[in-house]
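>
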Amino acid sequence: MKSGAIGLAALAVAMALGAAEPGRAAMPAPTTITPELVKAATAEGKVVFYTSVELKLGEDLAKLFQEKYPGISVQVERTGSERVFQRIGQEYAASIHTVDVVNSSDASHFLYWKEHGMLAPFLAADMATEYPPNAFDPDGSFGSWRVTLSPFAYNTKLVKEEEAPKSFKDLLDPKWKGRLVKASPNYSGTIMTSTYETLQALGGWDFFEKLAQQDVLQVQSATEPPRKVATGERDVMIDGSEYFVYALMDQGNPLKIVYPAEGVPMITSPAAILKDAPHPNAARLFYAFIFSAPVQQVMVEKGGTRSLDKEVKDRPDHVPLASLKLWPEDPKAMEAKADEIKKKYRQLFGG
Amino acid sequence: MDLRRLELAVPILGVAAVLLAGLIGLPLGWLFRVSLTDVGGHLTWANFAALFEDPELLQPLLLSLGVAFAVALACAVVAGPLAWLVARSDLPWKRAIRLLVLTSFVTPPFLGAIAWEILAAPNSGLLNQAYRLIFGLPRSAHAFNIYSVGGLVFVIATYTFPYVFILVANGLERIPRELEEASSILGATRPRTALRVTVPLALPALLAGTLVAFLEAMNNFGAPAIIAIPAGLQTITTKIWTLFQFPPQPGLAAAAAVPLLAVTVLLLQVQQRLLGRRGYAVVGGKAGQPDVVPLGRWRIPALLFALAIVTVSVLMPYAALVLSAFSRTLSITLSPANLTIQHFTFVFAELSGTKEALSNSLILGVTTATAGTLLTLVIAYVVTRRALPLWRWLGYLATAPIAIPSIVLGVGLFFAYTHPPFALYGTLAILFLAFLTIELPIGYQQFQAAFRAVHVDLEEAGRILGAGRLRTLSDITAPLLWTAVVSTWCLVFVASIRELSAAILLFTVDTKVLSVLIYDLNESGDPGAIAVVGLLMLLITFAVIGIAYRLPRAGQRSRTAVAEEG
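Chains C and P supply the protein sequences, listed in that same order. If you count the first sequence from 1, position 327 lands on 326 in numbering that gives the first Met the number 0, and the numbers rise without skipping. If you count the second sequence from 1, position 211 lands on 210 in numbering that gives the first Met the number 0, and the numbers rise without skipping.
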């Protein structure tokens, strides 16, 4: 862990999460991954992972897990965070318990699930030593699995560096009409979070109301704007997952990131084990696995995410978080505004 | 003896009737109930009031109606003449054109929409790139923008016009030659005969086809979800689906479904009125081989017109999907270096949902097709032979799902089968029931037409020789109807494999089907993987149709078997 900034940012998250549950909060005793646990998990044979992480990265992690623990298959159910939330809600309402481990980029979902007693607190031994304590919910119901930003990015073949937008204000220039793409808070937790933070930082809907006049291409997933810019369908992405921009740049796509002058939305994407998980042991094993340093290292190097794990080395090409002006997260406050944001957003952008 | 067997048949036919009533009555009952109650379960009009007061609901409804009108008009204008060319003129390559139109018919509109995104997205679309290259235009120029109302109309029309084509072509082929001959004998010129005889006789079919096109366009979910949402537009179907997202508003969703139902029922009534009167015109005339009109110097322009249509609806989009499936980079470029099979490896070896979706789709396709064929066979038998009291009602019931848009049925089924006593949500059974209900009318109409062609005397002979109704049905009627059985099975299978509107509301993770997998991949934005799964789906469709029509005629086999037993 190079910079203290990410720890600081995580602290902001954790403080907000902690505030959600005032009073008693006891972290479960760290669990060592024993051969017995592996055996019990293997007997279950399967783990179901609902996640909003980019599909290929999710399947890559599943493959790594299956290589390490042959005999346990991983079913990756990838969709947008808001869909993950809706699907679990709809399934649980009908008493269908399919999901073992869940990840969503809308941190407020975890407050809801915890409040409804749906999560099983868990802490693996190396999680306790490798992560700052504030990376976890006070009673261990969920933990900050990955961190990303939602910056701008442009296609270097289509936009010269000096012309690229440097700030949110720049995006409202008429020259960008029909050249912008953005994802939807009705689908993506990353965008829900970035929209909330943008509203807080820029003081209300004024910016989005003007932006809606720019013929913005409205896509769903936060992983799609980087793709639309890479194909040249649009020149600039207004929001989207930083990690996937890195993944696409690794594949040789002509992309460049811009961190807007006003500040950059930061998104912590927690993970948790469901209390009614149909494969409880495999769930623990998988949860511990995705938080482990080697897997986090893969996610950073191949996937472009940022990690809170102290043993993980950041990518050399990652702009250090310490040098950026990061907008703070506040899941509790966001939860209260979520429905209003979704509705207003749909009125403006349709998607 | 005969009496006993007849009585055995009655309960079986009766059970089929009750099943049918439940299949349709239950979801519709729940739909109305939910639309008329608030969260606390009290009776309220609030949901319907919101529908007309809230512009967020009214606008999608108006857009849907507008799009449907434009699609219907476009289909009539394009498919009417095309049908005439294929059915009645000496157009070259008629067989190939007919085959390509049928290919367009079995192509799911959402897949067509995805393919047309690849072709006509304003900047990255292949056609727009070619357009700029050819005319040396700047990057801001584009010939097509698929993310627009026009784009939406275009895509839906592209996969809806075959309905008009099929109905009109069949209608034209059934016009008795004598009528047109009489006209020319009486001194009418060819154009005059066409105008005064052929067109009026084909008009009911054109009208019926246009109406079906209107309904298909209004009730389509996949194409608007893919084309309209990026443009910031919502149709009523995508809106209904949105109302199911968090925070779910089931009352509003149910209420928003009711206008779709109402418009559909109304239009079908209108159609019945119009056709009821006109349809008689040609009944009774024994159709001779229809006259083939030589096109003369119009032959080549006509051929170009036909080729343009099939190029737009089949050849170009299929090529786009294939290119996308084999393209390494996100932007498609034609070079050997860009060729890859990585998307195939990903879909078949890495993507954990593929295997399950594939097997779910196949299971549902086969069970729905088999059950649907059997059920509609029995119903059509009862109705055409008047084998049960209330037979007329059975016929109405079997046709009723035509009037229920798939997404509306999906909403109804969701309520009906997430509540006790039928908690089927989360199982394949709920999807099976949805698909079965949706496909009932297709099967019923197929068999009804087929039964009319089988003479009652043959069945009577069986009955006189001591066979019960069921035995007669299985040993005499069914073999004679073999072609109808095969084609019904295929139609229902293909329709089940591509169904998205109801499946999108009813699936759970373990019951995901191919169409939903494609939809999911599209939301994540994975063009290579989408193309691979889409092509897989099309391959299954064509394979099943191919195999079905090469099957040995089971009728003959079963008759031999009977002889051997005897």
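Just so it is clear, CB atoms sit at the ideal spot from N, CA and C, and this is done for glycine as well.
(1) List, in chain order, every chain P residue whose beta-carbon is nearer than 8 Å to that of lysine 62 of chain C.
(2) Quick one: does threonine 189 of chain C have its CB under 8 Å from some CB of chain P?
(3) Taking contact to mean at least 3 C-beta pairs separated by less than 8 Å, is the segment 36 to 45 of chain P in contact with the segment 165 to 181 of chain P?
(4) Please tell me whether serine 103 of chain P and proline 175 of chain P are closer than 8 Å, where the distance is taken between their beta carbons.
(5) Find out if the Cβ-Cβ distance for the pair glycine 350 of chain C, glutamine 199 of chain C is shorter than 8 Å.
(6) Does chain C have any CB closer than 8 Å to the CB of arginine 298 of chain P?
(7) Which of the three DSSP states, helix, strand or coil, is assigned to proline 21 of chain C?
(8) With distance defined between alpha-carbon atoms, name the residue in P:Asp456, P:Ala82, P:Leu194, P:Ala448 nearest to threonine 482 of chain P.
(9) Against chain P, does alanine 229 of chain C count as a neighbour if the rule is that its beta carbon must be under 8 Å from one of theirs?
(10) Hey, could you find the ends of the alpha helix (DSSP H) glycine 188 of chain C is sitting in?
(11) May I ask you to report which of helix, strand or coil DSSP gives glutamate 76 of chain C?
(12) Are there 16 or more other CB atoms within 10 angstroms of the CB of glutamate 339 of chain C, so buried, or fewer, so exposed?
(13) Can you say whether isoleucine 299 of chain P is buried or exposed, counting buried as having 16 or more other CB atoms within 10 angstroms of its CB?
(14) If you check the beta carbons only, do isoleucine 496 of chain P and tyrosine 518 of chain P fall under 8 Å apart?
(15) So which residues of chain P does serine 220 of chain C contact, with C-beta pairs closer than 8 Å?
(16) Measuring alpha carbon to alpha carbon, tell me which of P:Ile463, P:Arg468, P:Tyr395 ends up nearest proline 440 of chain P.
(17) Whole beta strand (DSSP E) runs in the segment 72 to 125 of chain C with 3 or more residues, listed along the chain?
(18) Mapping DSSP to helix, strand and coil, what is tryptophan 144 of chain C?
(19) Output, in chain order, the set of chain P residues within a Cβ distance shorter than 7 Å of aspartate 338 of chain C.
(20) What I want to know is whether the C-beta of glutamate 180 of chain P ends up closer than 7 Å to one or more non-hydrogen atoms of the ligand COA.
(21) Just the C-alpha distance for valine 410 of chain P and proline 26 of chain P, rounded to the nearest angstrom, thanks.
(22) Would you please state the rounded distance, in angstroms, between the beta carbons of glutamate 329 of chain P and arginine 77 of chain C? I believe it to be under 8 Å.
(23) Less than 8 Å between the beta carbons of serine 323 of chain P and threonine 222 of chain C, yes or no?
(24) For glutamine 85 of chain C, go through chain P and note every residue whose CB falls closer than 7 Å to its CB, in chain order.
(25) Would phenylalanine 348 of chain C be called buried (16 or more neighbouring beta carbons within 10 Å of its own) or exposed?
(26) Along the chain, where does the alpha helix (DSSP H) containing methionine 315 of chain P start, and where does it finish?
(27) Using a Cβ cut-off of 8 Å (strictly closer), state whether glutamate 20 of chain C contacts chain P.
(28) Are the beta-carbon atoms of leucine 273 of chain P and proline 199 of chain P separated by less than 8 Å?
(29) Does any residue of chain C have a CB that is nearer than 8 Å to the CB of valine 508 of chain P?
(30) What are the residues of the segment 206 to 240 of chain P that lie near chain C, defined by any Cβ-Cβ distance shorter than 9 Å?
(31) Return helix, strand or coil for threonine 50 of chain C, following the three-state DSSP convention.
(32) Closer than 8 Å, CB to CB, is glutamine 217 of chain C near chain P or not?
(33) Given that a residue counts as buried once 16 or more other Cβ atoms are within 10 Å of its Cβ, and exposed if not, what is glutamate 66 of chain C?
(34) Does chain P have any CB closer than 8 Å to the CB of alanine 93 of chain C?
(35) Leaving out five residues on either side along the sequence, give the residues of the same chain with a beta carbon under 6 Å from the beta carbon of glutamate 196 of chain C.
(36) Do you know how far the Cα of alanine 292 of chain C is from the Cα of methionine 298 of chain C?
This is what the structure gives:
(1) Within the first sequence, the letter at position 63 stands for residue 62 of chain C. Under the 8 Å cutoff, chain P gives Glu349.
(2) Counting from 1 along the first sequence, the entry for residue 189 of chain C is found at position 190. Threonine 189 of chain C is outside the set of residues whose beta carbon lies under 8 Å from a beta carbon in chain P.
(3) At 8 Å Cβ cutoff, the stretches do not touch.
(4) The residue given as residue 103 of chain P occupies position 104 in the second sequence. The residue given as residue 175 of chain P occupies position 176 in the second sequence. Cβ distance not < 8 Å, so serine 103 of chain P and proline 175 of chain P don't count as in contact.
(5) If you number the first sequence from 1, residue 350 of chain C lands on position 351. If you number the first sequence from 1, residue 199 of chain C lands on position 200. Result no, Cβ atoms of glycine 350 of chain C and glutamine 199 of chain C do not sit closer than 8 Å.
(6) For the purposes of this step, residue 298 of chain P is taken as residue 299 along the second sequence, with counting starting at 1. No, no contact with chain C.
(7) Along the first sequence, read from residue 1 onward, the residue named residue 21 of chain C stands at position 22. Reliability fails at proline 21 of chain C, whose pLDDT of 47 lies under 50, so the model's placement of it is uncertain and the value that follows must be treated cautiously. If DSSP states are grouped into helix, strand and coil, proline 21 of chain C belongs with coil.
(8) Reading the second sequence from its first residue, position 483 is the one you call residue 482 of chain P. Ranking P:Asp456, P:Ala82, P:Leu194, P:Ala448 by CA distance to the CA of threonine 482 of chain P puts P:Ala448 first.
(9) Here residue 229 of chain C refers to the residue found at position 230 of the first sequence. For alanine 229 of chain C, the closest Cβ of chain P is nearer than 8 Å.
(10) The sequence position of residue 188 of chain C within the first sequence is 189, counting from 1. Element bounds for glycine 188 of chain C: 188 to 201.
(11) The sequence position of residue 76 of chain C within the first sequence is 77, counting from 1. Three-state result, glutamate 76 of chain C: strand.
(12) Here residue 339 of chain C refers to the residue found at position 340 when the first sequence is read from its first residue. Glutamate 339 of chain C should be labelled exposed.
(13) Residue mapping note: residue 299 of chain P aligns to position 300 of the second sequence, counting from 1. Note on isoleucine 299 of chain P: under 16 other CB atoms within 10 angstroms of its CB, so exposed under the neighbour-count rule.
(14) Looking up residue 496 of chain P in the second sequence gives position 497. Looking up residue 518 of chain P in the second sequence gives position 519. At the C-beta level, isoleucine 496 of chain P and tyrosine 518 of chain P stay beyond 8 Å of one another.
(15) Against the first sequence, residue 220 of chain C aligns to sequence position 221. Within 8 Å Cβ-Cβ: Glu522, Ser523, Gly524.
(16) As a first step, residue 440 of chain P is located in the second sequence; it is residue number 441 there, counting from the start. The shortest Cα separation from proline 440 of chain P among P:Ile463, P:Arg468, P:Tyr395 belongs to P:Tyr395.
(17) Every beta strand (DSSP E) of 3 residues or more that sits fully in the segment 72 to 125 of chain C is shown, in chain order, as 72 to 77, 100 to 102.
(18) For the purposes of this step, residue 144 of chain C is taken as the residue at position 145 of the first sequence. Strand, per DSSP.
(19) By one-based count along the first sequence, residue 338 of chain C stands at place 339. For a Cβ distance threshold of 7 Å, residue set Pro246 of chain P lies close to aspartate 338 of chain C, ordered along the chain.
(20) As for the ligand COA, it is missing from this structure, which has no ligand bound.
(21) Along the second sequence, read from residue 1 onward, the residue named residue 410 of chain P stands at position 411. Along the second sequence, read from residue 1 onward, the residue named residue 26 of chain P stands at position 27. Looking at the two C-alpha atoms, the distance is approximately 8 Å.
(22) In the second sequence, residue 329 of chain P corresponds to position 330, counting from 1. In the first sequence, residue 77 of chain C corresponds to position 78, counting from 1. As written in the sequence, residue 329 of chain P is leucine, which differs from the glutamate given in the question. Under the criterion of beta carbons closer than 8 Å, leucine 329 of chain P and arginine 77 of chain C do not qualify as touching, at roughly 18 Å.
(23) Along the second sequence, one-based indexing puts residue 323 of chain P at 324. Along the first sequence, one-based indexing puts residue 222 of chain C at 223. For serine 323 of chain P and threonine 222 of chain C, no; Cβs fall outside 8 Å.
(24) Within the first sequence, residue 85 of chain C is the residue found at index 86, counting from 1. Gln244, Phe245, listed in chain order.
(25) For the purposes of this step, residue 348 of chain C is taken as the residue at position 349 of the first sequence. Buried, since its Cβ has 16 or more Cβ neighbours within 10 Å.
(26) Within the second sequence, the letter at position 316 stands for residue 315 of chain P. It spans 315 to 325 - the alpha helix (DSSP H) in which methionine 315 of chain P sits, taken as one unbroken run.
(27) As a working note, residue 20 of chain C is residue 21 in the first sequence. Below a pLDDT of 50, predicted positions are generally treated as unreliable, and glutamate 20 of chain C, at 48, falls in that range; no measurement from the model is reported.
(28) Counting from 1 along the second sequence, the entry for residue 273 of chain P is found at position 274. Counting from 1 along the second sequence, the entry for residue 199 of chain P is found at position 200. No.
(29) In the second sequence, the residue the question calls residue 508 of chain P occupies position 509. Yes, contact with chain C.
(30) Within the segment 206 to 240 of chain P, the qualifying residues are Ala227, Ile228, Pro229, Ala230, Gly231, Leu232, Gln233.
(31) As a working mapping, residue 50 of chain C is identified with position 51 in the first sequence. Three-state DSSP puts threonine 50 of chain C in a strand.
(32) Position 218 of the first sequence, counted from the first residue, corresponds to residue 217 of chain C. Glutamine 217 of chain C counts as touching chain P.
(33) Here residue 66 of chain C is taken as the residue at index 67 of the first sequence, counted from 1. Its Cβ having fewer than 16 others within 10 Å, glutamate 66 of chain C is exposed.
(34) Locating residue 93 of chain C in the first sequence gives position 94, where the first residue counts as 1. At a cut-off of 8 Å, the C-beta of alanine 93 of chain C has a neighbouring C-beta in chain P.
(35) Residue 196 of chain C sits at position 197 when you count from the first residue of the first sequence. If we look at glutamate 196 of chain C and ignore the five residues flanking it on each side, its Cβ neighbours are Pro264, Trp326.
(36) Your numbering for residue 298 of chain C matches position 299 in the first sequence. Your numbering for residue 292 of chain C matches position 293 in the first sequence. Rounded to the nearest angstrom, the two C-alpha atoms are 10 Å apart.
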